[in-house]
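**Student:** Just dropping this structure here.
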Amino acid sequence: MEKNEKTVGSEEDMLINETVQDISQIKGFAKVVTLQTDKIYIEIQDSINGISLVEKEMEKMGFSFRFSSPLSPTDLIPLSLRIASLLAIKKVFHLEDHQIKEIGRLATRSSFFTKLTLRYLVSLKKMAREIPRHWQRHYTVGTMDPGELHEGEHFFIVRLRNFMTHPLYCIYLSGYIVGVVELIGTFPNLTIQETKCQYSGDEYHEFRVSWE
Numbered sequence: 002m003e004k005n006e007k008t009v010g011s012e013e014d015m016l017i018n019e020t021v022q023d024i025s026q027i028k029g030f031a032k033v034v035t036l037q038t039d040k041i042y043i044e045i046q047d048s049i050n051g052i053s054l055v056e057k058e059m060e061k062m063g064f065s066f067r068f069s070s071p072l073s074p075t076d077l078i079p080l081s082l083r084i085a086s087l088l089a090i091k092k093v094f095h096l097e098d099h100q101i102k103e104i105g106r107l108a109t110r111s112s113f114f115t116k117l118t119l120r121y122l123v124s125l126k127k128m129a130r131e132i133p134r135h136w137q138r139h140y141t142v143g144t145m146d147p148g149e150l151h152e153g154e155h156f157f158i159v160r161l162r163n164f165m166t167h168p169l170y171c172i173y174l175s176g177y178i179v180g181v182v183e184l185i186g187t188f189p190n191l192t193i194q195e196t197k198c199q200y201s202g203d204e205y206h207e208f209r210v211s212w213e
C-alpha cells in the first residue's frame, strides 16, 4: 500500500512539475480583474475553504498569491498567474469543460470593471468593431481581429492571434465570448465552437458563435 501511495504521489508531482514548466513559459500580462472574477466564482461554490484550497494549489505550481491582496482591477499581473488560478480551480472543484466555460461567462456579469468596459457594446455590429480594443484593455499579448459578422445567417466569427497560453484558457474564452454576446441582447439557442486553435497547429484561434 505504501509503495502504491508513493507511486501515486510521484505521478502527481511529475504532473505538477510539467504544468509549472509549461505555464512558466507564458509571456505577457493580464489585468487583475481577470483574476478577481475567479474569486467570485470560488465564493459562490459550496465550499468553506475554497479560496484557501485554490491558493494552496497555486502554490504547488510555484505561484504564491492571495485573492485578498489589495490590488486594483486595472493593475497588471503575469498571465501565467492568471492561468495558474484557472488550473487550480479546475483541480479543486473537479470541473468539466462546460463548467470552465461557465466561469468565463460569469466573468462578464460579476465584475463592475468588465461591465463598464462593455457598456458601449449595444449591438453585434458595434461589438464586432470594438472587440479588438476590448481585448487590449485586458491583455498585453495577443491581438483580436474585428468580428466577422454574418447577421443574416445568424453567426459571427472571432479570431484571436498570437496567444499561446494553455488549452484550458480557450475553453474559458469561449464562455467569455458567449457572455459578451448575451449582454447585448437575447439570442435563441446561442452556441459557440472553437473551429481553429493554435494548439492544434492552426495559425490562430477562431471561435464561431451562432444562434437560431
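This note's numbering puts the first residue of the sequence shown at 2, with every later residue one more than the last. Ideal placement from N, C-alpha and C gives every residue a C-beta, glycine not left out.
1) For a test of the three-state rule: what should DSSP assign to tyrosine 140, helix, strand or coil?
2) Roughly how many angstroms separate the alpha carbons of tyrosine 177 and isoleucine 104, rounded to a whole number?
3) Here's the rule: buried if 16 or more other CB atoms are within 10 angstroms of the residue's CB, otherwise exposed. What is tyrosine 200?
4) Please report the distance separating the alpha-carbon of threonine 75 from that of valine 34.
5) In chain order, what residues of the same chain have a beta carbon less than 7 Å from the beta carbon of phenylalanine 66, not counting five sequence neighbours either side?
6) Tell me, to the nearest whole angstrom, how far the beta carbon of leucine 36 is from that of isoleucine 78; I am working on the premise that it is less than 8 Å.
7) Looking at the unbroken alpha helix (DSSP H) that takes in isoleucine 158, where does it start and where does it end?
8) Does the separation of the CB atoms of arginine 160 and aspartate 146 fall below 7 Å?
9) Using CA atoms only, rank isn't needed, just tell me which of Glu149, Cys171, Ile41 and Ser53 is closest to serine 211.
10) Quick one: grab the DSSP three-state call for glutamate 60.
11) Between cysteine 171 and lysine 127, what straight-line distance do the alpha-carbon atoms span, to the nearest angstrom?
12) Does the Cβ of leucine 117 have 16 or more other Cβ atoms within 10 Å, making it buried, or fewer, making it exposed?
13) What I want to know is whether the C-beta of glutamate 204 ends up closer than 6 Å to one or more non-hydrogen atoms of the ligand NAD.
14) Throw me the rounded Cβ distance for the tyrosine 173 and isoleucine 101 pair, which I believe falls under 8 Å.
15) Please classify histidine 151: is it buried, with 16 or more other beta-carbons within 10 angstroms of its beta-carbon, or exposed?
16) Can you tell which of Val142, Pro133, Trp136 and Leu107 has the C-alpha that lies nearest to the C-alpha of leucine 184?
17) Could you check how far apart the C-beta atoms of isoleucine 52 and phenylalanine 68 are, in whole angstroms? I think they sit under 8 Å.
18) Decide if lysine 32 is buried, meaning its Cβ has at least 16 other Cβ atoms within 10 Å, or exposed.
19) Should histidine 99 go down as buried or exposed, given a rule of 16 or more other Cβ atoms within 10 Å for buried?
20) If you scan the stretch 40-112 from start to end, which runs of the alpha helix (DSSP H) of 4 or more residues do you find wholly inside it?
21) What's the call for glycine 180, buried or exposed, on a 16-neighbour Cβ count within 10 Å?
22) Inspect the beta-carbon positions of glutamate 213 and threonine 196 and report whether they are closer than 7 Å.
**Tutor:** Checking against the coordinates, here is how it stands:
1) In the structure shown, the three-state DSSP call for tyrosine 140 is strand.
2) Distance between the alpha carbons of tyrosine 177 and isoleucine 104: 8 Å.
3) With fewer than 16 other beta carbons inside 10 angstroms of its own, tyrosine 200 counts as exposed.
4) Spanning the two alpha carbons is a distance of roughly 7 Å.
5) Here the set comprises Glu56, Met59 and Leu82.
6) Cβ atoms of leucine 36 and isoleucine 78 come within 8 Å of each other, at about 6 Å.
7) If you look at isoleucine 158, you'll find it isn't in any alpha helix (DSSP H); it sits in the beta strand (DSSP E) that goes 156-162.
8) Yes, Cβ-Cβ distance for arginine 160 and aspartate 146 is below 7 Å.
9) Measuring C-alpha to C-alpha distances from serine 211 to each of Glu149, Cys171, Ile41 and Ser53 identifies Glu149 as the nearest.
10) In the structure shown, glutamate 60 sits in a helix (DSSP, three-state: H, G or I).
11) Rounded to whole angstroms, cysteine 171 to lysine 127 spans 23 Å at the Cα level.
12) Exposed.
13) With respect to small molecules bound, the structure shown includes none, and the ligand NAD cannot be examined in it.
14) Yes, they are in contact, since the Cβ atoms of tyrosine 173 and isoleucine 101 sit about 6 Å apart, within 8 Å.
15) That one is exposed.
16) Checking every option, the nearest Cα to that of leucine 184 belongs to Leu107.
17) Correct: roughly 6 Å between the Cβ atoms.
18) By the neighbour-count criterion, in which a residue is buried when 16 or more other Cβ atoms sit within 10 angstroms of its Cβ, lysine 32 is buried.
19) It is exposed - the Cβ of histidine 99 has fewer than 16 other Cβ atoms within 10 Å.
20) DSSP assignment within the stretch 40-112 yields the following whole alpha helix (DSSP H) runs of 4 residues or more, N-terminal first: 51-61, 80-94 and 98-111.
21) With 16 or more other Cβ atoms within 10 Å, it is buried.
22) In this structure, glutamate 213 keeps its C-beta atom at 7 Å or more from the C-beta atom of threonine 196.
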